[in-house]
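Residue numbers (the numbering used here): 490 to 681. Even for Gly, the Cβ is constructed at its ideal location relative to N, Cα and C. Values in this document were obtained by computation on a predicted structure and should not be read as measured data. Below is one structure, written out as structure tokens, with a few remarks after it.
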Ligand code: GDP
Ligand code: MG
């Protein structure tokens with residue numbers, strides 16, 4: 490797990506509240522095949538979908554949200570290998586999390602709940618921003634999870650919710666703006 494831009498130090502998750510202008514670390518979680526890498530590539534504006542596919546990738550980008558620039562480092566590393574150590578590291582390194590399921594795959598929706606619980610366990614004292622994402626909203630005819638179910642699940646888990654289509658680039662920008670806003674909100678509330 491070697492991010493190109495900013496070395497992650499899993500031993501000190503508290504560095505999440507460090508100074509202004511540092512990059513926000515956002516980790517993408519979710520079952521294989523739900524579209525994590527596609528979402529990350531749309532966010533990063535990468536055309537070539539093949540590079541780094543095997544090993545997991547980090548993407549670095551700055552986006553302007555509410556007239557203020559934010560640097561985001563996106564970690565698409567969840568399936569890099571299946572070692573428990575790496576998974577625990579992922580659970581510690583993020584300032585925010587995107588938990589993705591596919592609306593066409595109910596098992597991935599159930600997995601998303603599990604991940605939310607694991608995350609809560611790993612970061613008990615932190616109130617980390619999380620967005621639950623129902624991806625592949627374009628696949629209308631093979632949908633297995635309704636918008637209402639997704640929304641209800643997010644309510645139970647006390648996180649935000651959005652449906653996206655990485656293929657159509659639908660709501661992907663909104664997703665990342667949303668995560669930046671949540672990180673800022675949380676930071677502000679900590680500083681008061
Ligand atoms: P990952 O394993 O979670 O990283 O999933 P990938 O990003 O590799 O995507 C898995 C498969 O789902 C690929 O064939 C993608 O083209 C497809 N896919 C990803 N996002 C979407 C989407 O929004 N709509 C549709 N129709 N297919 C998608
Ligand atoms: Mg992937």
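- Listed in chain order, the non-local C-beta contacts of residue 616 below 7 Å within the same chain comprise 675, local neighbours out to five positions each way being set aside.
- A residue is called buried once 16 or more other Cβ atoms fall within 10 Å of its Cβ, and residue 629, having fewer, is exposed.
- Among the bridge pairs identified by DSSP, residue 563 is matched with 515 and 548.
- If you check the CB distance, residue 624 and residue 572 do not come in under 8 Å.
- The closest heavy atom of the ligand GDP lies 7 Å or more from the beta carbon of residue 535.
- Residue 557 sits in a strand when the DSSP states are folded into three classes.
- Collapsing the DSSP output to three states places residue 645 in a helix.
- Burial is judged here by how many other beta carbons sit within 10 angstroms of a residue's own beta carbon; residue 644 has fewer than 16 and is exposed.
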